[in-house]
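Numbering (the numbering used here), first residue to last: 545 to 690.
Take a look at the structure below.
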């Protein structure tokens, strides 16, 4: 695999497991790369129309608060970490748009389903993402802690 300068970890809203973060941090340290957590909040059309800038800022602030311990941990690891947010009707479309507009070489995704409506279009969102993504992608399936 070629060198990776920027690694992306997309999450749904504030759902980030320790396993995913540790894996992201390990890759970023190994490649001496910057990491980005991309928080995508999926909403329906009506809720999207109802969101005004104040409510959106409050939502993003709440997500940042919930992810603050990962930011602190990244500072202790000397890991350059950025958190970005998006509100979208479709998380796969939003993620593909983000990848097209930014220079990432690697993406780590959770292997669980990527949408609340996985069969609506006849294909799994993860399959669509793997088929259309412009960067190397690793799907992480954390083991159960039984």
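Note that the Cβ used here is the ideal one computed from N, Cα and C, for glycine as well.
None of these values were measured; they are calculated from a predicted model.
Could you tell me the alpha carbon to alpha carbon distance between residue 681 and residue 652, rounded to whole angstroms?
As a position in the chain shown, residue 681 is number 137, starting the count at 1. As a position in the chain shown, residue 652 is number 108, starting the count at 1. One Cα belongs to residue 681, the other to residue 652, and the distance between them is close to 6 Å.
Can you give me the C-alpha to C-alpha distance between residue 591 and residue 638, rounded to a whole angstrom?
Position 47 of the chain shown, counting from 1, holds the residue named residue 591. Position 94 of the chain shown, counting from 1, holds the residue named residue 638. So the two alpha carbons sit approximately 17 Å from each other.
N- and C-terminal bounds of the alpha helix (DSSP H) containing residue 561:
Within the chain shown, the letter at position 17 stands for residue 561. Taken as a continuous stretch (DSSP letters only), residue 561 belongs to no alpha helix (DSSP H), as it is neither H nor E.
Return helix, strand or coil for residue 669, following the three-state DSSP convention.
Against the chain shown, residue 669 aligns to sequence position 125. Helix.
C-beta contact flag for residue 584 and residue 556 at 8 Å:
Here residue 584 refers to the residue found at position 40 when the chain shown is read from its first residue. Here residue 556 refers to the residue found at position 12 when the chain shown is read from its first residue. Yes; because the gap between Cβ atoms is below 8 Å, this pair is in contact.
CA-to-CA distance, residue 631 to residue 572, given in whole angstroms
By 1-based counting over the chain shown, the position of residue 572 is 28. By 1-based counting over the chain shown, the position of residue 631 is 87. Computed Cα separation, rounded: 26 Å.
If you reduce the DSSP assignment to three classes, tell me which class residue 635 lands in.
Within the chain shown, numbered from 1, the residue matching residue 635 stands at position 91. Residue 635 falls in the helix class under three-state DSSP.
Rounded separation between residue 597 and residue 607 - CA only:
What you label residue 597 is simply residue 53 of the chain shown in a count that begins at 1. What you label residue 607 is simply residue 63 of the chain shown in a count that begins at 1. In a straight line, the C-alpha of residue 597 is about 15 Å away from that of residue 607.
Taking DSSP as the reference, what is the three-state secondary structure of residue 677?
Translated into positions along the chain shown, residue 677 becomes position 133. DSSP places residue 677 in coil when its eight states are reduced to three.
What does the alpha-carbon distance come out to for the pair residue 500 and residue 551?
Nothing can be reported for residue 500: it is not among the residues displayed for the chain, which extend from 545 to 690.
Which partner residues does residue 586 have in the DSSP bridge list?
Mapped onto the chain shown, residue 586 falls at position 42. DSSP, once it has assigned bridges, lists 632 as partnering residue 586.
Grab me the residues of residue 567's own chain with a C-beta within less than 7 Å of its C-beta, minus the 5 sequence neighbours each way, in chain order.
Along the chain shown, one-based indexing puts residue 567 at 23. For residue 567, where only same-chain residues beyond five positions count, the Cβ hits under 7 Å are 652 and 684.
Within 10 Å of its beta-carbon, does residue 678 have 16 or more other beta-carbons around it, so buried, or fewer, so exposed?
The residue you call residue 678 lines up with position 134 of the chain shown. Counting C-beta atoms within 10 angstroms of its own C-beta, residue 678 has fewer than 16 neighbours from the protein chains shown and is therefore classed as exposed.
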